[in-house]
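Please read the structure below before turning to the comments.
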Amino acid sequence: MAFMMGSRKRAVAGGVMLLSAAACATVSDNLVPYQISGDEIRAPLAALAGDAARGRDVLMGRDGNCLLCHAVPETGARFMGNLGPPLSGVGARLSAGQLRLRIVDPGRLNAESIMPSYYRMEGLARVAGVWQGKPVLTAQQIEDTVAYLQTLR
Amino acid sequence: MPAATRLGMVPDLGRWSAALSTILLLGAAPAPETPPHHPAKSGIDYASDDVRRMQADDFANPGMLWVAQGGKRWQEPAGNSGKSCAACHGDAAKAMKGVAARYPGVDAATSELLNLEGRINRCRKDQQAAEPLAYESEDLLALTAYVAHQSRGQPLQVSVDAAARPYFARGREIYYRRQGQMNLACTHCHEQNVGRKLLADTISEGHGNAYPIYRLEWQSAGSLHRRLRACYFGVRAEMPAAGSAELLDLELYLAWRARGLPVETPGVRR
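So the sequence lines, in the order shown, correspond to chains A and B. Numbering follows this note's numbering, with no gaps: position 53 of the first sequence is 53. Numbers given in this note's numbering equal positions in the second sequence, counted from 1, plus 1000.
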């Protein structure tokens, strides 16, 4: 993958060696492997525990920037986009596993999706230098975001 | 709105790309007749009332400062020739009227695609024996704004004839190509989500008919290529240089999409 050349490895990769990749799990140099079952990734990435308060920061801040496209009135943010559906009540609608897959790689469920994959590196073109070789969010940030979305009921 | 229409691909994409490959192969097929947004709506129609008022009033429009500066540069001798733009062209209000509506265009002598900035620098080199002005420099912005302003109100009517066809085809390809860490193409915002909010921005059809613009966020005038680079930056893609072949091809394709829209230079944007 050309866009990964010369990029440095990240701390996220730490978990890779510990987990033995299950059959048809997704493995990449800098990503921990995970298993998709149906429309879910049931197990937390790298068996990490998520923190909802940190997840709110990820969602609202520059790292996740989810409000670009989603309204989440619970955040009290002034500006919120509407390219995607509002996320109010999403914690009641979707399981943790469903939320996880929808953040990790929404393209798996809908190849035409405009929602970026936050934990995927292959299949991207012309990624700017500073972003090469790393997913948008770390495994920990994904788990934190899932934990926050689960509080939206 | 059903997800399929909102997020699905442009219905005609398959047919279009087939047609375009044919064009590339044959080199002589006619360009498509009807741009996707028909009739097109200018970016100013998606702007807030205060921005609209600012653009509409020449005394409130900060872009007019660049136009005024450009008027001065037009009269000034430059380079070893000691000639000004006016020395060759005379009164810009007459000589430059309608010119910007036809740019970018293919230069007959060199077969190169030139936008207004490129044409101005070509004149500096060939006619004035002067150094080219750097892209995004105050002087080039001012001259470009001044020349384009002479076409205000004229409908964009760019040529996509055989000579322009390869540039057009490349521009179109770029428009529909996903890129960057956000993995988005121009079409995902400026065709599929027009009128929706991206955080605080209302997404427009993405036309270049008002450029150079004064942008409040920049606190300055800026070129179309600067705006395009901002969109590349937003999707975390490698940014081509202002004035690069890639952005010129895209500019031609955008100008074709905007056919019929009036030149609004200098535009104002948030």
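Think of the CB as a built atom: it goes at the ideal place given N, C-alpha and C, for glycine as much as any other residue.
For Val1268/B, the enclosing beta strand (DSSP E) has its first and last residue at 1267 to 1269. The region 1183 to 1220 of chain B is shown to contain whole alpha helix (DSSP H) runs of 4 or more residues at 1186 to 1190, in chain order. About 5 Å separates the beta carbon of Leu1141/B from that of Ala1221/B, a gap short enough to meet the 8 Å contact definition.
Any Cβ of chain B closer than 8 Å to the Cβ of Cys69/A would place that residue at the interface, and such an atom is present. Approximately 16 Å separates the beta-carbon atoms of Val32/A and Thr145/A; this is outside 8 Å, ruling out the contact.
The three-state reading of DSSP puts Val32/A in strand, counting E and B together. Against chain A, the beta carbon of His1188/B has neighbours under 7 Å at Ile114, listed in chain order. The beta carbon of Ala1242/B sits closer than 8 Å to those of Tyr1135, Glu1136, Ser1223, His1225, Arg1226, Arg1229, all from its chain and outside the five residues before and after it, given in chain order.
Residues Ile36, Asp39, Glu40, Ile41, Arg108, Leu109 of the same chain have their beta carbon placed closer than 8 Å to that of Leu101/A, with the five preceding and five following residues left out of the count.
Among the residues facing chain B, Gly133/A is not included, as its CB has no counterpart in that chain under 8 Å away. In the displayed model, Pro1155/B falls within a strand according to three-state DSSP.
Listed along chain B are Asn1193, Arg1196, Leu1198, each with a C-beta nearer than 7 Å to that of Leu83/A.
Val1263/B sits away from Ala1164/B, with the two beta carbons spaced by 8 Å or more. Cβ-Cβ separation between Leu1113/B and Leu1252/B: approximately 6 Å, consistent with a contact (criterion under 8 Å).
Nearest to Ser1048/B by C-alpha distance, out of Gly1195/B, Trp1218/B, His1207/B, Pro1212/B, is Gly1195/B.
Judged by DSSP secondary structure, Arg153/A falls outside any alpha helix (DSSP H); it is assigned neither H nor E. Trp1256/B: member of the alpha helix (DSSP H) spanning 1245 to 1257, first to last residue.
Proximity of Val90/A to chain B, defined by a Cβ-Cβ separation below 8 Å, is not satisfied. Within the region 1115 to 1161 of chain B, the alpha helix (DSSP H) runs of at least 4 residues that lie entirely inside it are, in chain order, 1116 to 1126, 1138 to 1149.
Across the structure, Asn1061/B and Leu1156/B are spaced so that their CA atoms are roughly 22 Å apart. Look at the region 1173 to 1185 of chain B: the residues with a C-beta under 8 Å from a C-beta of chain A are Arg1177, Arg1178, Gln1179, Gly1180, Gln1181, Met1182, Asn1183, Leu1184.
Per DSSP, reduced to three states, the secondary structure at Gly50/A is coil, with no helix or strand assignment. Between Ala1230/B and chain A, the shortest Cβ-Cβ separation is not below 8 Å.
Any Cβ of chain B closer than 8 Å to the Cβ of Val127/A would place that residue at the interface, and such an atom is present. If you draw a straight line from the Cα of Arg1259/B to the Cα of Lys1041/B, it is about 10 Å long. The beta carbons of Ala1145/B and Gly1063/B sit closer together than 8 Å.
For Met1096/B, the closest C-alpha among the options Arg1152/B, Gln1219/B, Leu1248/B is that of Arg1152/B. Sequence-distant partners of Leu1216/B (beyond 5 residues in either direction) whose C-beta falls short of 6 Å from its own C-beta, in its chain, are Arg1270.
Of the other Cβ atoms in all chains shown, 16 or more fall within 10 Å of the Cβ of His1188/B; this residue is therefore buried. Non-local C-beta neighbours of Gly1043/B in its own chain, meaning closer than 8 Å and more than five positions away in sequence, comprise Ser1204, Glu1205, Gly1206, His1207, Asn1209, Ala1210, Gly1267, Arg1269, ordered along the chain.
In terms of beta-carbon proximity, Arg1236/B lines the interface with chain A, with at least one pair separated by less than 8 Å.
By the beta-carbon neighbour count (other beta carbons within 10 angstroms, threshold 16), Glu1131/B is exposed.
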